[in-house]
Each structure stands twice: as C-alpha cells, then as structure tokens.
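Enquirer: This structure is in structure tokens; I'll ask about it shortly.
Protein chains: 4
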Amino acid sequence: MEQKIPVAVLAATGSVGQRFVQLLDQHPWFEVVALSASDRSVGKPYGEACHWILTDPMPAWAANMTVLPTEPEAIHTPLAFSALPADIALSVEPAFAAQGTNVCSNASAYRREPDVPILLPEVNAEHIDIVKTQRQKRGWKGSIITNPNCTSTGLTVAMSAIQKAFGIRIAFVVSMQALSGAGYPGVPSMDILDNVIPNVNGEEQKVEFETRKMLGNLVDGSIELADFGISAHTNRVAVSDGHTVCASIELQERVEIENVAQALAGYQGPEISRDLPSAPRPVIQLRSESDRPQPRLDRMTGKGMTTVVGRLRPDPILDLKMVVLSHNTIRGAAGGSIFNAELLVKSGLLQA
Amino acid sequence: MEQKIPVAVLAATGSVGQRFVQLLDQHPWFEVVALSASDRSVGKPYGEACHWILTDPMPAWAANMTVLPTEPEAIHTPLAFSALPADIALSVEPAFAAQGTNVCSNASAYRREPDVPILLPEVNAEHIDIVKTQRQKRGWKGSIITNPNCTSTGLTVAMSAIQKAFGIRIAFVVSMQALSGAGYPGVPSMDILDNVIPNVNGEEQKVEFETRKMLGNLVDGSIELADFGISAHTNRVAVSDGHTVCASIELQERVEIENVAQALAGYQGPEISRDLPSAPRPVIQLRSESDRPQPRLDRMTGKGMTTVVGRLRPDPILDLKMVVLSHNTIRGAAGGSIFNAELLVKSGLLQA
Amino acid sequence: MEQKIPVAVLAATGSVGQRFVQLLDQHPWFEVVALSASDRSVGKPYGEACHWILTDPMPAWAANMTVLPTEPEAIHTPLAFSALPADIALSVEPAFAAQGTNVCSNASAYRREPDVPILLPEVNAEHIDIVKTQRQKRGWKGSIITNPNCTSTGLTVAMSAIQKAFGIRIAFVVSMQALSGAGYPGVPSMDILDNVIPNVNGEEQKVEFETRKMLGNLVDGSIELADFGISAHTNRVAVSDGHTVCASIELQERVEIENVAQALAGYQGPEISRDLPSAPRPVIQLRSESDRPQPRLDRMTGKGMTTVVGRLRPDPILDLKMVVLSHNTIRGAAGGSIFNAELLVKSGLLQA
Amino acid sequence: MEQKIPVAVLAATGSVGQRFVQLLDQHPWFEVVALSASDRSVGKPYGEACHWILTDPMPAWAANMTVLPTEPEAIHTPLAFSALPADIALSVEPAFAAQGTNVCSNASAYRREPDVPILLPEVNAEHIDIVKTQRQKRGWKGSIITNPNCTSTGLTVAMSAIQKAFGIRIAFVVSMQALSGAGYPGVPSMDILDNVIPNVNGEEQKVEFETRKMLGNLVDGSIELADFGISAHTNRVAVSDGHTVCASIELQERVEIENVAQALAGYQGPEISRDLPSAPRPVIQLRSESDRPQPRLDRMTGKGMTTVVGRLRPDPILDLKMVVLSHNTIRGAAGGSIFNAELLVKSGLLQA
C-alpha cells in the first residue's frame, strides 16, 4: 500500500474507542486523521479529553490530536470506525454513510437490518457483498458494516468451523463475560466483587440472532438466517478482558470427537481473509488441557484475535461440549471492526 | 427433646468441618462431644489445631475441645458428621457405621452405592428408608447417609419443584462455583484473580448422576435413576460462597411460565421435612428482578438454607431457562448433612 | 424509653442511607417516620425508589414508606440522620437545624466549624457540649453534630486509648480503604480489579485534621486541636467493607509494648458512652495473631461497631507500629451517626 | 558479543523460575543451556514438568529441555540464575560458587553476608566489587550476587535518586504487595478475595535492612549500612503483579518539592548500568496524575524494569510523601538478577 487510507474513530474517548486508537497505531494500511467525541470533549486535545484506561500508553500522535464533533460535516474520511452507543449510532452512522464514509461499526443499531452485514472475515467474508445492495437500496456512497456483539464473536468462529464440517442442529450456550464489555465506568465495583451478575442486558437476544445471521447464507443479495436452534444465558463475572462461553452442540451427523477436534484445529476461514493484516494467527487455537481456556492466560493468543477452544468432549445428550474464549475488546470489538475494514478494502468495495 | 444427642464432627479442622462446628453451635437437638482431625492435630485443643477461616468467631466450647483421631475406637457417638476427603471416607465411614454410628457424610465416596441414599429432605425425604436395606445388607448397626455435591444441591431442589409438577425431559446446566467449594487452601489466588477456571474436577459427572439419583423413585428398597437427560458444564469463579447455576429445561408437558413460577414459589417439600430445625424457610425463594439471584446478595437467604431461583423465562429451544443459587458450604455441605441427620432422627431411624 | 423518638433519614436511597435504614430497624429508642431522597424519587415507595445493595433484606416498613423531599417543610422530626453529599448538606442541614431538628450527619460539610463537634462517643463524648454554643451562636433550636470520615474513625478510637494513657507526639498512617466508602456506583470495577488506587480524594486532609479535632480539648466552649503531628496516605483497595490502617506512632513517654497492649485492650471510653444501645462491645478488640486484623474476617466484630487492632509491635524509629481495622459504613458512617444521636439523647440535649 | 554465554536457571519450574525462562528468551548475551528443578521433575521435559502460569507462552526451546537436578555435578555453566527457596539456596548456592559458577540469586539466604552484594545496577553498581573480596575470602572461583527482596527494589531506586541529591534521614514505608510475590501456589484465594492480609512474613525486616545496605558505602571492601532510619509495614493485597509502596521521607536538607521531582525524573544511575540490555528506560518514570502509579496500569512501564513514582507532595511532618511502584517478578526478581548478571559481565568480573 503506497499511501495509507485516512480514517476516523467516532467516539474515540470511550473504552472501545481507546482500543481503536491503540490498535490503529502503526497500522500498515490505515492512518488516523480524525478523532471524535461528545460535545464536552470537542476542541480539546485527545490526550486531555480522554481518561485512558489501557495498559499500553496512549500513542503520541493521538494525544495531540484535537477532538472533533461526531458529525459528517466535520469528518470526511472514506473510512470511519464507530464506537458509538447504539442510540446515537442509529442517526449518525447513516449520515456518514450517505456522504460516502464507510462506517465499520461496533454498534448494534443496524445489525438486524437485512442489507447490513454482520461480519467476521474468517467466518462469512462473502457477506461483504451485501454492501452493494445496501448502497443501491439506500442511495449511499458509503456503507455501514458491523461486527457482532463480543459474546457472539468467538462462539461464531468456533461454530463456523463445526458447521462447515458437520452442520449444527442445536446449540446451548452460557457466557461468563468480562467487565470491559460494559464500557467505562460500566459495572460498579461493589456489584461484582465476590459476585456474579446473572444477566447482561439484551445480550441473550443478540447472541441468539447474530450467530444465526453470520452463519446464514447469502441468497439473492440478502441473508437467510442459519437453520439451527440456539439458546443463550449471559452472565457478568469479575474478569477484566476475555469472554468465556460454555457450549453444548448437536450436529447434523454423528461424528467422533476427534474429527471435531481436527475441524477446529485446522480451520482456516475464507481465503480472502487469511492474509489481511489483522487476520488471527491461528484462527482457532485448540487446547487439550483439562482447565483451559482461561481468560487471564489465553485472551492475548494471536495478539487477542485468535479464538481459543478447549475442553472439547462428548455431551451426554447432544454431541459435544466445549469452552470458547475470545478477547472481547480486541477480536470482539475494535480489532474486529478493523479486520472488517481490511476485508472491505481487499474486496475492492471501499469505493462505491 | 429433653436430652441432646451427642454427635461428632470428623475432619473438623477443614473448611467444611468448621462449618459443621459453626452450624452445630446451640443446635436444639445435637451436642458436639467429639472433634476429630488428622494425626498432626490429634491431642491439641481444637482452637490451636484449626486455622479458623469463617467470619463468625469459633464457639468457645469448640476451642477448648481436644482433637481426637478419626477412628471408631476413639469416638462412639450415635451420630457423626463427616467432612472427610473421599479417599479417607472410603475406609473410615464404614468402620464407624459398623460400630453403630450413623454417618451423615459430605463425602462423595458412597454416593453411587445403590443402598446409600443421597438426601435432600425437602426433595426426597422418603429415600431415607434405604437405610434399612443398607443395615440389613451390610450388617451395620449404624449407617451412611450422604448429601449431594454442592452444585447439585440447589439445582435439584429447583428441579424437584418442577419435576413434581410437570415432569422433566432434559436439563442443560452450567455452574459458576465459589472458591470455598474447593476447600482450604484450595484454589491458589494467582489462578482465579481476573480469571475463570472452566473445569471443576469430577464435578460434571457428579451433577449428571446425583440429580438423577435424588429425583429417582424408590422401588423395592433401591433407587431407580430418574429418566431425564442432563448435561453439565462446571466452572470456578472468583466468588467466596454461593454456587450459581444456569439451567435450560425441557418439560414433559407444555405449560405457561407463570405456572412454573407458581410451582417454584409454592414448593414445600415432603411434610416430614418442613418443621425440622434446619428446614429452609422458604424452601425456594423466587426472585423477579432481571439481575438476581446474585451470590453476594442472595446466598444467606433463609440462613443459607434456601434455594434462590431467578430469571425464570422461556427458552427458545426447550421450555424454560432459570438461574439457581445455593450456599455451597451451608445448604450444599455442612448444613445439608445436619438437615439429613434431623430427618434421620425424625424418621425414627437413628437406632437400628 | 416509653415512646420512641421519631426520626428521619435524609438521602435514604444511597449506600449510607441504606445502612441507616438497616441499622435503625427495631432500634430501641428511634422510629423512622420519614425517608427523603432527590427529586426523581420523591413520591415513590422507598422499595421502588431504592436500588438496595445490602445483603440483609430491606425492612418491610421501609419498603412501603413514601419518599419525601429533603426539605424542612416536609420533615419535622426532632432528629434526622443525614447521608447527604457535602455540597447539599451545606445548605440543607442548617435549614433543618434552624427549625429544631438535630441533624446527626455523616457529611463533611460542617466538620471544620469550631462550634460543630465531630463525635465518637467512646472517644470524646464531652465534645457534645459544644451543641449549646452552637445553638446560642446560630440561634438554632436544633443542631448539627457530625461523625468523622470513615478512615479517621477506627484510627481515632485506637489513638484515643493510647493518647489518654501515654500521650501521642507523632503518627504516620497509611490506609487501605474499602469500596463502599466511595458510595454507589462509586469506583468502576475496571479501576480496581487487580489494582490499587493510591489516592482517595480529599481523604488525607480529613484524616490529618479530624483526628486532631476529636482528640483535642474543649476549652471555653470551643475545641483546641490536639497537639500532635500526623501524616496520612490514603489508598483504595479491592475490599467491599472495612478500612485497614497501618500506623507508626511516637509517644510522649517511653513505655513497654505490653503496656500499650493493656491500654488498648482495656480501653472503655467515657462512662456516658458505655451503655448506649450502639456502644461497641468491646470498644477495642486487640488481636495477637501475626496476620490480623483482616477486613473479611474482622469487620463485623461487635456488630461492626468494634475497632479491631492487631500487629502491635515496636517501631524502629518511633515507639510502636499497629494495624487498625474498622467497618467503614457501620462504625465509620451510619452506625456512628446513630451512636452520636444516642449520646445526644442521653446527654439531655435533644431539646434546646 | 560474538558468542553467547551459557547459563543455567536453578529452580526453573516455580513462578520466578518461569520469569527467568521468559526473560532470557532471545537475550542478546545469554543462552539457557540448563534448567534445574526438584527431584520429581528431574528427567522430564521442562514443558511437562512445569505448570506454566505466565500469559506469554513458554518458549519452544525450553519446552523440550530435559530438567536437571540442582547440583553442581550436573550443571557447569559460568553463570546461573537462582530462584531457589532460601533454605535450599543456603547450601546449594555456595557449592555452585565454589566450582566456578557465578550465581545471580533471587534468594534471601546470603543477603546479610558482608561480602555478598545486594545489587541494583542503577543504584549501587560499584558494590559489584565486593565479589573480589568474596572470592578471596571464601576461595571461590565463582560468586554469589543477590538482588533485594521485591518490596525494597523500586523503593530503593526512588530513594537512591533522592539520597544522592539531598540525603535521607528517615523513611516510613508501607507496602501493598502483589500475590505473585508469594510464589505459586502461594496465597489461597479464600484468604485474599475481598481482603487485605496485614503482614508478609519476614518482609519488614528485609526492607528495613536491605535498603540501608544498598544505599550504604563501600569502605575497604565491605559495606557500611547507610545512616538513615527506616520503618516498614508490609501488606498483601489482591493484585497479581506490581508492589505499591507509600513512603514519607525526611531529607537532610530542606528543598522544594519541585527539586525532588527533578531529582527523580532526571535520575540516571551509574554510567556502567545505563547501556546494559536490561537497563530500565527510563530508570524512573515520574507521574503527575493524582491517582498514579497504579499496578494494573503502570507495572509494565519500561518492560517492567522501570520504577514508577507518583503523588510526590509535601509531608506535614517530614519533607515529602510519594508512592512507588515496581514490577515484583520482573524488576523485583528475575529481571533484576539478569540485570545484575549483565553488570557482572560488563565489569569484567565473570572470570575470577
């Protein structure tokens, strides 16, 4: 890439926004030229407006950048990464798309729209094509492409490897989700010390829908939801980063656990996704220890982009049980949106 | 009760042993006359031999009691509470039973024996009758009666209310278990801070077996396992006390969630169990908030003996989802064994 | 007491307000007749307006009480407990005092006023007399009496025992404070998991001032600050309740550590304080183990009202080192204000 | 360095041993050729003998290395890193030194010997010269050089900057120490969840001695302890890595806080230490935020080798207060020993 593509980060001061800034530092294709935030931050240097909570220090270029308002009048990049809350994304993201910005969004606002893809390049790269329908139908020069909620992310990668090999009939999944998934300030410490919160608002519905959309087929420019049953319980636990999901799965055919292990460990994802800068290496790491994956030890596998699967074993009712771990703010949020943007560029769809 | 029944606590210095001592303090029926522990503690005052880890102070009578060896030659009470590890329980508990001691055991060693009941008085009080078979078959004057592992405890209470009303076909359960379940010193702090451990050794097999035994029928002096499918994932989380279980359940008939709610909230258990000193009041507390039960807030409900159920809602595949919470070292361990002993006395089976 | 004194709780829905409600449940002298909160709660039942975070359930009488505005026009009790934030307390508490309400306040707003006592009945009960000066000078029928910040509380009780016996020249103190001290929602969980925050805003100044005021002498109706040097560092740690303070102290005379131990263990406080309903029993518990006091194990000593001291040992520079623990929302906040109100009543100063 | 120096790690399977393996991976000067452990691991591949607890994966070269016994007969490298427990180090380390191995030790066994240096190259590099006395006196071809306990490490670096500029008269220090400092399994999780342990066995004596030895002068081949008073309280808190120390310090002369800030921020350490591969860059990072340093955010500063200082402010009794943070298993243990070995090589003292 001779010249880097200028990009913006919308809502750059929050916890996901900070991850965008961190992960875009020295990105080989993209260069951040604009950071936006809410009114009270506009006009300040990012380094002053932002209460940085990541352990890597804030990049120097970011610290000195002046915060812009989150408005298409102020930001004219071909690509923007959105860490906006869903209610604001609802009105702001289309305004950017209309003016020609491709919005790679972490927000849930448009995930249920039939012409908006929910993308995991190592799972359903071909869904990127809906962008054409989207532009045509909505008269946009840009687009909105989304990544799934963080709990669906790793789970769908693991399910994809299994579904492509053997087909899936039913999945029961129970999450134990990290605190960073709730943003900042997020969960009060008094609520989670020595505790579990047995609900994450709206998350179960997202998991039950988004997995089926991503694993569905593209038919005539729209997506048919995958035809399997899925039931989710979602919980918050005292973990900083890394969502752990226990899953029991029924396959469409009976196979040995060993075959499932091979399908997971050897999974590569669509060819177009494999050499992108943010592609996970490996896509899936299958662990054989009886007590892995663990968020503290395994979340940074493959720079936080790899899906880690362990405890693969027979299920006494269905076919198999497993545990899936994925870094919720890297693979499951900012890193995922960036990976999607790379796919958009590689697919030649950055320009309408 | 005019005169209290003298009782012993076997393995009294460990975390469950301490709970026995605490819960037996001022018990209306039982009086602790013997505390046993391993060789290096024998002969010392309990207050010196025991590294007390509970927040209530050690009872004064216990502090001054001299620790005895865990041998039937040294202890001759009609009733003993066992907090022994499974491998030691295997040889020691029968020796006590043979000499006439009724061992109310928290150990797993004999739970799979067909003539040894796993008891939850509010669930299967009638299983106490197997003690007669046990004595006859083994030639014991005493007996061994067990309580289930701590994860099965609350789950089985909740399932019992549902099973008796509507029948259960299938249950998927995922636990998030407290640290005290692993004893002391138990889980190293470095392993659980900012972490989840996605396995508790041997626990899944116990849950998948013990629930079916307790909910099974007593036929001709032995227990037929209940005829439902059950699949369990078990996890360790950073919680001190209180096991949380997410469950998805398929019933034998379709009913409204409201009916299930009534069955749970109104559940009373067998009549014989209701007025025992340790009987939970209420047996089940059904909570309607979207984020309960939580271990920190709900584990002490009914002095730690009540099973707390919440988030009752339809399951997209089966019939219902719910979350069950139970205090693992009170209802799920020491308190459960004491409750069982009360049932034994009330049933008139203390004497062979 | 033939008839209970009607009392109000101001700002009853916050974390300290909830403690007031809990601790006033079945109080032998006081009966809660009014609960106030901010505008968005006014008119609602307390049970609905309040997100209850304590482990004991909300008392039934409180759940059904209608929340009132925090205004003297709406509340006319002779006694009110204030859990107001300092900035609101500044204007609201004098308005109540003017109309005849005695405000026992947990707020810092008036602690630095020379005619407002900071009271710990087991330390400086005689300071209650400044209320007379206060009423005269300000023309109030009621009064404002305060309890110290939660970090100063246990520390001052322990220092008082030492000061009265031997005199204190210098104290270096470092706190490790619980999360509940920051209110609710308070400290974000992402900020404290696997972390220490080496500052609690404004706390060091409070500790350095309030200890000297409480340990000072009442001279001509006003308080002379005690004449010792004190330096404080304050930190936040991942503990739910219970502030731990490490202290190094120089005495006015050289004494054996054993004498200091006796002074601490035998400390009783002024006679008027000893039989009040909330009086700690014992005032100070001195522990001899090498690893106590610990917040999880010791904070509920004496129903959370006792100051626990441990690790008493020589200091290589000054005279002694010790560790002091006190429950920050019971002895250090709501329980302390109630104890102060009891002293006011007992002193015959409830009426001007 | 044309050819790397072969080195051994003694007690390589424990938590500090693992850090040695991790930090020596791709070290520019050293190449690990031997890993030792206790009898039950000898003969196994390291990858199998070691329960790896670090988040970076075990280096492949280490996984395949066969574990050797910790005996000079089995290991003949010129340099060995010791993570041995103190009681074993006592007999084993001299045996290695006698045969010609230079033991860079993390153990406390020999720190109090007058001819054994406790080294922090950025503080007292010149103390390396005692090795000559040591060899002469003991007739060793090798040597023992130690790094201080982890709590003294960062504290001494910060104190060194201040002492060299202004002199120190008195220091009061209180630590809040991480769990990894206790090794593995170390602190039971039940002991630290929602808790503080107000003692770390033997640590206070170490801090009060080792700081004075390191900041002392080398006079006639032996070290005179520095002439200041120091008093330490040491505590364990729920933090994985990173020891935080609050310090109040009296200087030998009155200076402005601003001058102290300059002395800290500009501190460089002895010239010989500056370009060593493990030299911290910067030596000290001085932070100006009111709530830093924090272990979670700051422990990895300078790859875990930098001492982070914050909250520099006047002390109401002495001259200044500050908070010091240092990574206890990197700078305070394995990384420190490696840094010392680099100094030994650079000083030309590897060979007797």
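Protein chains in written order, with our numbering: chain D, 1 to 352; chain F, 353 to 704; chain A, 705 to 1056; chain G, 1057 to 1408. Glycine included, every Cβ here is placed at the ideal spot set by N, Cα and C.
Cutting at 6 Å between CB atoms, please list the residues of its own chain near D/Ala-334, excluding the five before and the five after it.
Expert: Val-16, Arg-19, Phe-20 and Leu-23
Enquirer: Buried or exposed: where does D/Ser-108 fall if 16 or more other Cβ atoms within 10 Å of its Cβ makes it buried?
Expert: buried
Enquirer: For the segment 1259 to 1288 of chain G, list every residue whose C-beta sits within 8 Å of some C-beta in chain D, in sequence order.
Expert: Close to chain D, meaning a Cβ-Cβ distance shorter than 8 Å, is no residue of the segment 1259 to 1288 of chain G at all.
Enquirer: Could you name the residues of the same chain whose beta carbon sits closer than 8 Å to that of D/Lys-132, not counting the 5 residues immediately before and after it, in chain order?
Expert: Gly-221 and Leu-349
Enquirer: Using three-state DSSP, classify A/Ile-896 as helix, strand or coil.
Expert: Looking at A/Ile-896 - three-state DSSP - the assignment turns out to be helix.
Enquirer: CA-CA distance, G/Gly-1000 and A/Ala-801?
Expert: Lying before the first or after the last residue shown, residue 1000 of chain G is absent from chain G, which here runs from 1057 to 1408.
Enquirer: Would you say F/Val-444 reaches chain D, if we count a Cβ-Cβ gap shorter than 7 Å as a contact?
Expert: no
Enquirer: Rounding to the nearest angstrom, what Cα-Cα distance links D/Pro-293 and D/Leu-325 in this structure?
Expert: So the two alpha carbons sit approximately 6 Å from each other.
Enquirer: For chain F, check one thing: does any of its Cβ atoms lie closer than 7 Å to the Cβ of A/Thr-759?
Expert: True, the Cβ-Cβ gap to chain F drops below 7 Å.
Enquirer: Counting only beta-carbon atoms, is G/Ile-1242 nearer than 7 Å to chain F?
Expert: For the record, residue 1242 of chain G in the displayed sequence is Gly; it is not Ile. Closer than 7 Å: yes.
Enquirer: Have a look at the DSSP bridge pairing and note the partners of A/Lys-910.
Expert: The partner list for A/Lys-910 (beta bridge, DSSP) is empty, contrary to what the question assumes.
Enquirer: Output needed for G/Ala-1415: all residues of its chain with C-beta closer than 7 Å, excluding positions within five of it in sequence on either side, in chain order.
Expert: Nothing about residue 1415 of chain G can be read from this structure; chain G reaches only from 1057 to 1408.
Enquirer: Please report the distance separating the alpha-carbon of D/Thr-306 from that of D/Gly-269.
Expert: 12 Å
Enquirer: Who are the neighbours of D/Ser-290 on chain F, taking C-beta pairs under 7 Å?
Expert: Asn-551
Enquirer: By Cβ distance below 6 Å, which residues in the same chain neighbour F/Pro-380 in space, the five residues on each side in sequence not counted?
Expert: Contacts found: Pro-629.
Enquirer: Below 7 Å on C-beta distance, what does A/Ala-942 contact in chain D?
Expert: Neighbourhood of A/Ala-942 in chain D, by CB distance below 7 Å: Leu-193, in chain order.
Enquirer: Quick one, which residues of the segment 274 to 300 of chain D are near chain F if we go by CB-CB under 8 Å, in chain order?
Expert: Ser-290, Asp-291, Arg-292, Pro-293, Gln-294, Pro-295, Arg-296 and Leu-297
Enquirer: Applying a beta-carbon distance threshold of less than 8 Å, which residues of chain G neighbour F/Met-657?
Expert: What F/Met-657 touches in chain G: nothing, since even the nearest Cβ is about 22 Å away.
Enquirer: For the alpha helix (DSSP H) that G/Ala-1116 lies in, which residues bound it at each end?
Expert: 1116 to 1119
Enquirer: Between which two residues does the alpha helix (DSSP H) holding F/Val-373 run?
Expert: For F/Val-373, the enclosing alpha helix (DSSP H) has its first and last residue at 367 to 376.
Enquirer: Within 7 Å of any Cβ in chain G, is that where the Cβ of F/Ser-457 sits?
Expert: no
Enquirer: How many Å lie between F/Asp-675 and D/Ala-238 at the Cα?
Expert: First, the amino acid is wrong: residue 675 of chain F is Val here, not Asp. Distance from the CA atom of F/Val-675 to the CA atom of D/Ala-238, rounded to whole angstroms, is 18 Å.
Enquirer: Return helix, strand or coil for G/Leu-1066, following the three-state DSSP convention.
Expert: When secondary structure is reduced to three states using DSSP, G/Leu-1066 falls in the strand class.
Enquirer: Measure from the C-beta of D/Met-190 to each C-beta in chain A and report whether the shortest distance is under 7 Å.
Expert: yes
Enquirer: Quick check: the segment 604 to 616 of chain F against the segment 663 to 675 of chain F, are at least 3 beta-carbon pairs closer than 8 Å?
Expert: Yes: the two stretches touch, three or more of their Cβ pairs being nearer than 8 Å.
Enquirer: Would you check if the distance between the CB atom of A/Ala-930 and the CB atom of A/Ala-875 is smaller than 7 Å?
Expert: Taking 7 Å as the Cβ cut-off, A/Ala-930 and A/Ala-875 do not qualify as a contacting pair.
Enquirer: Use the C-beta contact count for D/His-51: other C-beta atoms within 10 angstroms, 16 or more gives buried, fewer gives exposed.
Expert: With fewer than 16 other Cβ atoms within 10 Å, it is exposed.
Enquirer: Taking the CB atoms as reference points, tell me whether F/Ser-689 and F/Cys-502 lie closer together than 7 Å.
Expert: no
Enquirer: Please classify G/Glu-1149 as buried or exposed, where buried requires at least 16 neighbouring CB atoms within 10 angstroms.
Expert: buried
Enquirer: Anything in chain A within Cβ reach of G/Leu-1124, meaning under 8 Å, just list it in chain order.
Expert: The contacting residues do not exist; G/Leu-1124 stays about 35 Å from chain A at best.
Enquirer: Three-state secondary structure (DSSP) at A/Gln-840?
Expert: helix
Enquirer: Rounding to the nearest angstrom, what Cα-Cα distance links F/Pro-632 and F/Phe-691 in this structure?
Expert: Distance between the alpha carbons of F/Pro-632 and F/Phe-691: 9 Å.
Enquirer: Could you tell me which residues DSSP puts in a beta bridge with F/Phe-580?
Expert: For F/Phe-580, which the question treats as bridged, DSSP gives no partner whatsoever.
Enquirer: Is the distance from the Cβ of F/Tyr-398 to the Cβ of F/Leu-406 below 7 Å?
Expert: no
Enquirer: Please state the DSSP three-state secondary structure of G/Pro-1101.
Expert: strand
Enquirer: When you compare only the Cα positions, how much space is there between F/Ala-435 and A/Arg-1003?
Expert: 28 Å
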